[in-house]
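First comes the structure, then the notes that go with it.
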Amino acid sequence: MFKKDPLQIIAFQTYGTSNHLYLRGRAIEDESINLEQQGAFKLLFNAWKRFETDEIKNTELRIKVGDDKFYYTKTDKKGYFLINEIVENLEDYANTEGWVPMDISYNTQHLKRAIQSENRFPGEMLIPSQNASFGVISDIDDTILHTGLTSILKWRVLINTLLTSAGKRLPLEGAPEFYHVLHRGKTGQEANPIFYVSHSPWNLYRYLELFLNKNNFPKGPIILRSFPRPFTKKRKGEKPQKHKEIVNILKTYPDLKFILIGDIGEHDPYIYKEVSESFPGRILAIYLRSVNHKKKMLRVKELYDGYKTIPVLLVEHADAVIAHARSHGFIK
Numbered sequence: 001m002f003k004k005d006p007l008q009i010i011a012f013q014t015y016g017t018s019n020h021l022y023l024r025g026r027a028i029e030d031e032s033i034n035l036e037q038q039g040a041f042k043l044l045f046n047a048w049k050r051f052e053t054d055e056i057k058n059t060e061l062r063i064k065v066g067d068d069k070f071y072y073t074k075t076d077k078k079g080y081f082l083i084n085e086i087v088e089n090l091e092d093y094a095n096t097e098g099w100v101p102m103d104i105s106y107n108t109q110h111l112k113r114a115i116q117s118e119n120r121f122p123g124e125m126l127i128p129s130q131n132a133s134f135g136v137i138s139d140i141d142d143t144i145l146h147t148g149l150t151s152i153l154k155w156r157v158l159i160n161t162l163l164t165s166a167g168k169r170l171p172l173e174g175a176p177e178f179y180h181v182l183h184r185g186k187t188g189q190e191a192n193p194i195f196y197v198s199h200s201p202w203n204l205y206r207y208l209e210l211f212l213n214k215n216n217f218p219k220g221p222i223i224l225r226s227f228p229r230p231f232t233k234k235r236k237g238e239k240p241q242k243h244k245e246i247v248n249i250l251k252t253y254p255d256l257k258f259i260l261i262g263d264i265g266e267h268d269p270y271i272y273k274e275v276s277e278s279f280p281g282r283i284l285a286i287y288l289r290s291v292n293h294k295k296k297m298l299r300v301k302e303l304y305d306g307y308k309t310i311p312v313l314l315v316e317h318a319d320a321v322i323a324h325a326r327s328h329g330f331i332k
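Counted the way UniProt numbering counts, the sequence shown spans residues 1 to 332.
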């Protein structure tokens with residue numbers, strides 16, 4: 001018989017409030033994926049392992065906050081778990097940036113398997129600092145990481161994702177510095193929260209997390225999507241998943257205004273405009289990175305032609321967006 005791989009838990013960086021505990025992640029076997037692996041064959045093999053995971057389904061997990069708060073949840077048939085609890089005084093456990101650390105573990109009473117890390121896996125949830133003057137919701141693909149979403153048949157997406165290690169992916173020029181300036185805000189001490197929202201599936205969570213860490217982007221919740229079920233049609237009028245996630249962030253923090261950052265390659269211009277109209281007074285600015293695609297550029301310019309409700313900037317260079325943010329008092 002084949003020896004079974006040891007178990008692990010991957011907790012996704014999430015966001016909540018002082019009275020709302022929200023954490024999600026996945027329980028899977030440890031496939032020993034080296035995210036900085038080199039070589040085309042090894043990279044393809046690692047990519048296959050990221051999507052062909054051995055999930056630990058219908059298994060109870062324990063979440064520990066501090067030394068005195070314990071919560072329990074159960075994984076679903078794909079190994080994913082969610083804890084969504086109304087609690088009290090979570091801010092007492094947060095650090096100066098607003099992150100609440102947690103320990104997640106398997107309930108081993110009926111689980112006879114080897115478990116990594118002595119059955120203690122870290123998780124974190126962000127409660128935005130009281131010093132924050134605004135939040136930032138940013139796309140990842142082709143906004144801070146070149147993926148090739150506008151290329152013919154998306155072939156560059158496949159090459160960049162499957163044949164390039166996360167450690168070797170380069171951010172778009174000036175992006176990490178700009179996000180840090182936004183994070184610090186006008187006073188330089190604001191700890192404005194950054195939310196990274198992508199259309200990529202949760203299988204790429206660790207890949208994108210490593211990319212953000214390696215390139216020194218500000219730490220923030222990473223919000224991806226689940227694969228749609230095969231042969232399921234989108235319901236008429238149903239909003240894209242990214243739209244739903246952005247709306248959820250806005251509703252979670254009703255007193256916080258936001259800057260939206262994306263690119264013109266896919267749906268960002270349409271989603272961001274609709275969100276700004278649905279939440280009047282909540283969006284401070286929309287920044288959209290330009291891409292080398294004349295038709296898309298023309299459509300976006302027509303979409304925002306005469307739009308004076310909030311500032312909208314099509315960005316080609318980081319210097320221009322920094323100057324714009326400074327002139328509107330977002331940064332020092």
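The beta carbon of each residue, even a glycine, is placed where N, CA and C say it ideally should be.
Query raised in the report: Applying the criterion that 16 or more other CB atoms from any shown protein chain within 10 Å of the CB defines a buried residue, is LEU82 buried or exposed?
Result: Mapped onto the sequence shown, residue 82 falls at position 82. LEU82 comes out exposed.
Report task. Quick one: give me the first and last residue of the alpha helix (DSSP H) that ASP268 is part of. Result -> Here residue 268 refers to the residue found at position 268 when the sequence shown is read from its first residue. Unbroken alpha helix (DSSP H) run through ASP268: 268–278.
Query raised in the report: Any idea which residues DSSP pairs MET125 with across the strands?
Result: Locating residue 125 in the sequence shown gives position 125, counting from the first residue. DSSP output for MET125 lists THR14 and VAL100 as bridge partner(s).
Query raised in the report: Which residues in the same chain have their Cβ closer than 8 Å to the Cβ of ASP30, if we skip the five residues on either side of it in sequence?
Result: Within the sequence shown, numbered from 1, the residue matching residue 30 stands at position 30. Result list for ASP30: ASP5, PRO6, LEU7, GLN8 and GLN116, in chain order.
Query - DSSP bridge partner residues for ALA285 (one or two, in chain order) - result: If you number the sequence shown from 1, residue 285 lands on position 285. Note: ALA285 sits in a beta bridge opposite ILE259.
Query raised in the report: Since ARG120 is in the beta strand (DSSP E), which residue starts that stretch and which ends it?
Result: One-based indexing of the sequence shown puts residue 120 at position 120. Element bounds for ARG120: n/a, residue is neither H nor E.
Query raised in the report: Bridge partners of SER198, per DSSP?
Result: For the purposes of this step, residue 198 is identified with residue 198 of the sequence shown, where counting begins at 1. Bridge pairing for SER198: absent [DSSP].
Query raised in the report: Which of helix, strand or coil does DSSP assign to ILE246?
Result: Stepping through the sequence shown from its first residue, residue 246 is reached at position 246. DSSP places ILE246 in helix when its eight states are reduced to three.
**Report entry** Simplified DSSP state of HIS180, which is helix, strand or coil
**Finding:** Working through the sequence shown from its first residue, we reach residue 180 at position 180. Note: HIS180 maps to helix in three-state DSSP.
Query - Alpha carbon of GLU118 to alpha carbon of ASP103, nearest angstrom - result: For this step, residue 118 is matched to residue 118 along the sequence shown. For this step, residue 103 is matched to residue 103 along the sequence shown. In a straight line, the C-alpha of GLU118 is about 11 Å away from that of ASP103.
**Report entry** Inter-stretch contact at 8 Å, needing at least 3 Cβ pairs: the segment 15–28 / the segment 117–135
**Finding:** yes
Report task. Could you pull the start and end residues of the alpha helix (DSSP H) that GLU173 belongs to? Result -> Within the sequence shown, numbered from 1, the residue matching residue 173 stands at position 173. Per DSSP, GLU173 belongs to no alpha helix (DSSP H) and is neither H nor E.
Report task. Please classify ALA318: does DSSP put it in a helix, a strand, or coil? Result -> Translated into positions along the sequence shown, residue 318 becomes position 318. Helix.
**Report entry** Simplified DSSP state of ALA27, which is helix, strand or coil
**Finding:** For the purposes of this step, residue 27 is identified with residue 27 of the sequence shown, where counting begins at 1. Of the three classes helix, strand and coil, the one that applies to ALA27 here is strand, per DSSP.
Query raised in the report: How is the alpha helix (DSSP H) around VAL291 delimited, first residue to last?
Result: Your numbering for residue 291 matches position 291 in the sequence shown. VAL291 -> no alpha helix (DSSP H), and no H or E assigned at all.
Query raised in the report: Can we say the segment 81–101 touches the segment 63–71, given the rule of at least three CB pairs closer than 8 Å?
Result: yes
Query raised in the report: Considering LEU224, what are the terminal residues of the beta strand (DSSP E) in which it resides?
Result: Position 224 of the sequence shown, counted from the first residue, corresponds to residue 224. First-last of the beta strand (DSSP E) with LEU224: 222–225.
Query - Residue environment, ASP255, which counts as buried when at least 16 other CB atoms sit within 10 Å - result: By one-based count along the sequence shown, residue 255 stands at place 255. Around the beta carbon of ASP255, a 10 Å sphere encloses fewer than 16 other beta carbons of the protein chains shown; the residue is thus reported as exposed.
Query raised in the report: Does DSSP put ARG206 in a helix, a strand or coil?
Result: In the sequence shown, counting from the first residue as 1, residue 206 sits at position 206. Looking at ARG206 - three-state DSSP - the assignment turns out to be helix.
Requested in this report: Please report how far the alpha carbon of PHE134 lies from the alpha carbon of LEU23, in whole angstroms.
Outcome: Here residue 134 refers to the residue found at position 134 when the sequence shown is read from its first residue. Here residue 23 refers to the residue found at position 23 when the sequence shown is read from its first residue. Approximately 23 Å, taken between the alpha carbons.
Report task. Classify GLU88 as helix, strand or coil using the three-state DSSP reduction. Result -> Taking the sequence shown and counting its residues from 1, the one referred to as residue 88 is at position 88. Coil.
Report task. Just confirm the distance between the C-beta atoms of ILE137 and LEU260, as a whole number of angstroms; I'd bet it's less than 8 Å. Result -> Taking the sequence shown and counting its residues from 1, one reaches residue 137 at position 137. Taking the sequence shown and counting its residues from 1, one reaches residue 260 at position 260. Contact between ILE137 and LEU260 holds, since their C-beta atoms are separated by about 5 Å, short of 8 Å.
Query - Contact under 9 Å by Cβ, TYR272 with ILE286 - result: Within the sequence shown, numbered from 1, the residue matching residue 272 stands at position 272. Within the sequence shown, numbered from 1, the residue matching residue 286 stands at position 286. For TYR272 and ILE286, yes; Cβs fall inside 9 Å.
Query - Assigned exposure category for PRO221 - 16 Cβ within 10 Å defines buried - result: In the sequence shown, counting from the first residue as 1, residue 221 sits at position 221. The residue is buried, with at least 16 neighbouring Cβ atoms inside 10 Å.
Query raised in the report: Is ALA238 helix, strand or coil by DSSP?
Result: Along the sequence shown, one-based indexing puts residue 238 at 238. The question names Ala, yet the displayed sequence has Glu at residue 238. Here GLU238 sits in coil by DSSP.
Query - GLY123 burial status per 10 Å Cβ neighbour count (16 or more: buried) - result: What you label residue 123 is simply residue 123 of the sequence shown in a count that begins at 1. Answer is buried; the Cβ neighbour count reaches 16.
**Report entry** Contacts around ASP240, its chain only, beta-carbon distance under 7 Å, and the 5 residues preceding and following it disregarded
**Finding:** As a first step, residue 240 must be located in the sequence shown, where it is residue number 240. It should be pointed out that residue 240 corresponds to Pro in this sequence rather than to Asp. Excluding residues within five positions, the ones whose Cβ falls inside 7 Å are HIS267 and ILE271.
Query raised in the report: By the 10 Å Cβ neighbour count, where 16 or more other Cβ atoms means buried, how is ARG26 classified, buried or exposed?
Result: Here the question's residue 26 lines up with position 26 in the sequence shown. That one is buried.
Query - Sub-9 Å separation of THR75 and ILE56 beta-carbons - result: On the sequence shown, position 75 is the one that residue 75 refers to. On the sequence shown, position 56 is the one that residue 56 refers to. Their beta carbons are under 9 Å apart, which means THR75 touches ILE56 by this criterion.
**Report entry** Unbroken beta strand (DSSP E) run spanning LYS69, endpoints
**Finding:** Within the sequence shown, numbered from 1, the residue matching residue 69 stands at position 69. Residues 69–74.
Query - For LYS251, three-class secondary structure by DSSP - result: By 1-based counting over the sequence shown, the position of residue 251 is 251. Of the three classes helix, strand and coil, the one that applies to LYS251 here is helix, per DSSP.
Report task. Assuming VAL321 contacts VAL315 (C-beta within less than 8 Å), just tell me the rounded distance between them. Result -> Walking along the sequence shown from the start, residue 321 turns up at place 321. Walking along the sequence shown from the start, residue 315 turns up at place 315. Confirmed, about 5 Å.
Query raised in the report: Taking the alpha-carbon positions, what's the ALA132 to ASN192 distance?
Result: As a working note, residue 132 is residue 132 in the sequence shown. As a working note, residue 192 is residue 192 in the sequence shown. Whole-angstrom Cα-Cα distance: 5 Å.
Query - Identity of the residue in TYR71, ILE10 and TYR179 nearest ARG326 by Cα - result: Numbered from 1 along the sequence shown, position 326 holds the residue referred to as residue 326. Looking at the Cα atoms, TYR179 is the closest of the given residues.
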